[in-house]
Each structure stands twice: as structure tokens, then as C-alpha cells.
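2 protein chains.
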Amino acid sequence: MIGIFDSGVGGLTVVRELLRRSPDASFVYLGDTARLPYGNKSPETIVRFTLEDAAFLVAHGATSLVVACNTMSAHAVDALRKTYPALPIFDVITPAVRVASHLGAKRVGVIGTRATVASGAYDRLLEAQGIEVIARACPLFVPLVEEGWLDDGETKRIVKHYLSPVRQGDVDALILGCTHYPLLAPVIGRFMGRSVSLIDSGAVVVEELLKGVQLDSARQQSYFLTDRSARSEEIAQQWLKRPVNFDKADLLG
Amino acid sequence: MIGIFDSGVGGLTVVRELLRRSPDASFVYLGDTARLPYGNKSPETIVRFTLEDAAFLVAHGATSLVVACNTMSAHAVDALRKTYPALPIFDVITPAVRVASHLGAKRVGVIGTRATVASGAYDRLLEAQGIEVIARACPLFVPLVEEGWLDDGETKRIVKHYLSPVRQGDVDALILGCTHYPLLAPVIGRFMGRSVSLIDSGAVVVEELLKGVQLDSARQQSYFLTDRSARSEEIAQQWLKRPVNFDKADLLG
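In order, the protein sequences belong to chains A and B.
Numbering-wise (my numbering), the first sequence opens with residue 15 and increments by one.
Numbering-wise (my numbering), the second sequence opens with residue 15 and increments by one.
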């Protein structure tokens, strides 16, 4: 059983990719919607919340963990590996860096939340491969996606505002370093132009997962949120193109 | 000692108004930044978090409470009054409704988070006064304010997107039903036109507070956040025009 988790519903883009590749995979999803977003929180709080989320998934039978959130991947994966040394743990950052390197990119743009960008996690790994990095925090992208404004005029202007310096930097590839961002891929792709490869950090972690773990194909698929709301169900249904029933996860006892 | 609280830094617009009116007032501020925003959470979660926040303030000497958050005011004030029957408790909704009524408004616009608008709290109170209501949730306003885009082209377009139906409704007044929104008052005011009075729910609660409570003027002023970050300090300094030191509040034990 795969445990997949995020601070909210963003990680469902990873679930979407997993279901596309392997519709019968068993998994349990947790979104910590009661405490989202993690992207503006301090590193110590992010680590604490991540460990609480993981404990919930392990208690629900997870035998591998997919950290479907760049903020947690940037700050809390070491703590997670230390706490669960026997579990395969997949973060969303290293596979994206590997893909950028395989593409032969010389200069790469990285976009994400404030916390992900401030962590410098992508920069360190990319620069170690000799790749130059232009990073940019895009705090309004998550609320735009959650509002459902995926291709509106306002969204196009905000994409232009954030990404102009990245486009001017003449990058070969752009890492979508937040699991919400794949839903903006069409408008981002049009702005950046065809010569720039978009790397979806959520899609590449699924690739990695399918290579690294023997799937249980019993199609046991469950979804938990720490706070349920009608809006989360609307979003999940729009993204996954199917009705999703969320159960309530109570992490705080 | 006044206890003032919000899900985040938004309630600092209430502090700003209090300091403008009474610079020496003693107060303790709490922003639950570790779990913000409350605006998209379920009513039961909002009630639970609000009671935890209030307990922290009472433990820190608060003898009156200002719920500087419309989402909490809409959902959790009854629970708060039941828990602390002896404390004066000020919410941000009833004073704004009273002002609208005093202005002789016939038709009033109300804007706020998704949870505030869905609660119908303003509608019920305004309609009881024979006032017609046009309500609109504006989920992107809080992230825009936190990003500091107070008067940018993108913000103007988003204001137009959300408020066009309210302007077409030919309202006499517009209640800014979220403590972040006063920072957008200039751009909102220009869009709505001079004939529409803007009612700042945070400013009017301070008015109410100054009438209802004997202030302690020892200038003991402290600020707590459940999660501190450099960004919160930047925001506080920009809004209050002074450096603010936040202490860490640990609600969760």
C-alpha cells in the first residue's frame, strides 16, 4: 500500500498521474487541509507536521511513502528517512532534478512556494550537476488553482508577472516545483514557449515510484483530509474526473 | 488587557486601528499562522481552533476578547461566549451591520472569504434590518494582500472580476468583511466609486471596543504567532509602520 501525502489537495495531481499509469494501484492519500498551506511556514513546523502526517499513513498500512509536496520534500525528507529507515520514501525534488539533467539542460527555471524556493533545495542539486538555476517564488499560483482560474485573463497576467524574469533568463527547462502547478501547465507552457521543457515534479515521482516499488493492485484506494469541505470535494472531482469521498483524518487526537 | 486574535496577520489591521486611536492601550495579539487560513475550513474545525486560540489569550491575561477575524466571528462567537460567559467578547460582524444600518443603506454589498460568505452571518443580520444584501466571496484577496500587491494591475483586474456584480447591484455601502481587506480599500474604493461607503469591519470593532471596555494604558503590547516566519515580520512592519517582534505561541502542547 502506497501512502501519498500533501499539505492539501495539490498532491492529487500525483494521484492523477498514478491512476493514469496504473489504475488499480492501492494507495491511501492524506491531505492536511486543516493546516495548509505549508509553503509559508517555518522549517521546524513543516518537519513536525510532516512527521505527524506520515505517522497517520503508516498507521493506515502504508509500506512506502510519496511526499507529494515540494515544501515537505525540501525541508522534511531527512527527518522522515531517519524516522522510517526501512520504508521506501519518494520525494518530488530529486526525480525532477534527474530529468533536468537527462535532458541536458544548461539553465533551468524553478518555480514553487516561498518556502520551497527559500530552501534552495533545487538549486543545490541542480548546481551540483553543473546546471545554472533561476528560481522564483509564485505564492499566488496555489490560490489561483484552488479558485479554479486555470486559464483566465487574470491568471495569464500573473503568470507573466512571475515568469518574465525566468523567460528572459533563456532557460532550457522549467521545473514546476509545486504539485498544484501542473494544472497551470497549459498557460505556463504557452508563456514560456515551445523550446522550454516543463518538468512536472509530481509526474516524474510517479515514474520513479513505478520503477522502485512492487505495486499492490487490489485497487484499495482511500482518501483522507484533516479538514473536509465541499470545496475540496469539488476540486478533487474536477482534477481526477471522478467523484472522490474524503474521510476525516484526526491527527491531533 | 485586551486579547486580539485572528487566523494570521490580518487582525493586525485591527491593531493598527487601535494604535491609531489609543497608542498606549495594553493588548496581547495572537495570529494562528501555523493553521491559517481558516476561511476555507469547516465550521467544526473553525470552532475548535477559535477556542484553542482564546484559551491561549486568557492564559496570557486577556480580560476581553476581540475576534479580529470574520470567519471566526461568523462561526465561533456563540461557542466563545458560552465558554467565557464573564468576558466582554467583540466580534467584527455586528458592529459593521450596525454602521450599515446607521448610514441608512438600502442595499449593501458584503465581501469576505468563502467561509464567511457561506455562513450567511452578515445576510441574516442585515436582512433583519430590512437591508438587501449582495454577497461575494473573494478568495484571492488575502493572498494578494499577503503578496503585497496592494495596487498592482493584476489586483485591479481581480477586484473588477469579483466586484463587478456588486457594483452592478447598485449598493449604497460595501462591508469589507475580512480583516485583510482594508489594505485593498484604495483600489476597491476607486472601483466602486465615491457614492459607495466602504465599511471596514476591523475599524468599527475598535470603535465598539473603546466604548465598551475600560482600557489599561500601561502600553504592555505583545504579539504571538503559532508559526513565525520572516515574511510575517515583513508584513507586520509594512502594515503597522514599526518593527514588530513576534513570540512563538505553542497551542498544541
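In this text, a Cβ means the ideal position worked out from N, Cα and C, and glycines have one as well.
Being a predicted model, the structure only gives us computed values, none of them experimental.
Cβ-Cβ distance between residue i and residue j below 7 Å
i                    : j                 : result
isoleucine 18(A)     : glycine 25(A)     : yes
valine 201(B)        : valine 180(B)     : no
alanine 48(B)        : aspartate 241(B)  : yes
arginine 171(B)      : glutamate 58(A)   : no
leucine 32(A)        : alanine 68(A)     : no
histidine 89(B)      : isoleucine 107(B) : no
phenylalanine 9(B)   : valine 80(B)      : As shown, chain B starts at 15 and ends at 267. That puts residue 9(B) outside it, with no answer to give.
arginine 35(B)       : valine 220(B)     : yes
valine 218(A)        : histidine 194(A)  : no
phenylalanine 260(A) : leucine 239(A)    : yes
leucine 212(A)       : glycine 123(A)    : no
serine 243(B)        : serine 115(A)     : no
serine 78(B)         : proline 102(B)    : yes
glutamate 222(B)     : proline 99(B)     : no
arginine 196(B)      : threonine 27(B)   : One detail in the question is off: residue 196(B) reads as proline in this sequence, not arginine. Yes, these two residues count as a Cβ contact at 7 Å.
tyrosine 282(A)      : arginine 138(A)   : Because chain A spans 15 through 267 in this model, residue 282(A) falls outside it and cannot be assessed.
phenylalanine 70(B)  : alanine 263(B)    : yes
valine 210(B)        : tyrosine 237(B)   : no
leucine 254(B)       : glutamate 66(B)   : no
leucine 154(A)       : glutamate 247(B)  : no
7 Å Cβ cutoff, residue i in contact with chain A
i                : result
glutamate 313(B) : What is shown of chain B runs 15 to 267, which leaves residue 313(B) out entirely.
lysine 55(B)     : yes
leucine 223(B)   : no
arginine 171(B)  : yes
aspartate 20(B)  : no
Interface partners of residue i on chain B, CB under 7 Å
i               : result
threonine 59(A) : Ala48, Asp241
Per-residue contacts from residue i into chain A (C-beta, under 8 Å)
i              : result
proline 200(B) : What proline 200(B) touches in chain A: nothing, since even the nearest Cβ is about 19 Å away.
Contacts that residue i makes with chain A (C-beta to C-beta distance below 7 Å)
i                : result
arginine 128(B)  : Arg245
histidine 175(B) : Glu168
Minimum Cβ-Cβ distance from residue i to chain B less than 7 Å
i                : result
glutamate 285(A) : Limits of chain A in this structure are 15 at one end and 267 at the other, which puts residue 285(A) out of reach.
Cβ separation of residue i and residue j, assumed to be a contact under 8 Å, to the nearest whole Å
i               : j                 : result
valine 147(B)   : leucine 158(B)    : Their Cβ separation, rounded to whole angstroms, is 24 Å, which puts valine 147(B) and leucine 158(B) out of contact at 8 Å.
arginine 233(B) : aspartate 92(B)   : Not confirmed; about 33 Å, so no contact.
glycine 216(A)  : threonine 130(A)  : So it is not a contact: roughly 13 Å between Cβ atoms.
aspartate 20(B) : glycine 53(B)     : That pair is no contact at about 11 Å.
alanine 76(B)   : valine 42(B)      : 6 Å
arginine 245(B) : arginine 128(A)   : 6 Å
cysteine 152(B) : isoleucine 125(B) : 5 Å
serine 40(A)    : glutamine 235(A)  : 7 Å
leucine 198(A)  : leucine 224(A)    : The pair is not a contact, with the Cβ atoms about 25 Å apart (cut-off 8 Å).
Heavy atom of the ligand MN within 6 Å of residue i beta-carbon
i                : result
aspartate 184(B) : Of the ligands one can find in the structure shown there are none, so the ligand MN has no counterpart to examine.
Item to complete: Taking only runs that begin and end inside the region 64 to 108 of chain B, name each unbroken alpha helix (DSSP H) of 4 or more residues, in chain order.
Response: Here the runs fully enclosed are 84 to 97.
Discussion item. Ignoring anything shorter than 4 residues, give me the alpha helix (DSSP H) runs that lie fully in the region 135 to 190 of chain B, in order along the chain.
Written reply: Every alpha helix (DSSP H) stretch that sits fully inside the region 135 to 190 of chain B and reaches 4 residues is listed by chain position as 135 to 142, 155 to 161, 167 to 182.
Item to complete: Check each residue of the region 144 to 167 of chain A: if its Cβ is closer than 9 Å to any Cβ of chain E, include it; give the result in chain order.
Response: You won't find chain E in this structure, because its protein chains are A and B.
Item to complete: Only counting runs of 3 or more residues, tell me where the beta strand (DSSP E) segments fall wholly within the region 31 to 69 of chain B, in order along the chain.
Response: With a minimum length of 3 residues, the unbroken runs of beta strand (DSSP E) contained wholly in the region 31 to 69 of chain B fall at 41 to 45.
Worksheet item: In chain order, which continuous runs of the beta strand (DSSP E) of length 3 or greater are located wholly inside the region 216 to 251 of chain B?
Response: Uninterrupted beta strand (DSSP E) stretches at least 3 residues long and entirely within the region 216 to 251 of chain B occur at 235 to 239, given in chain order.
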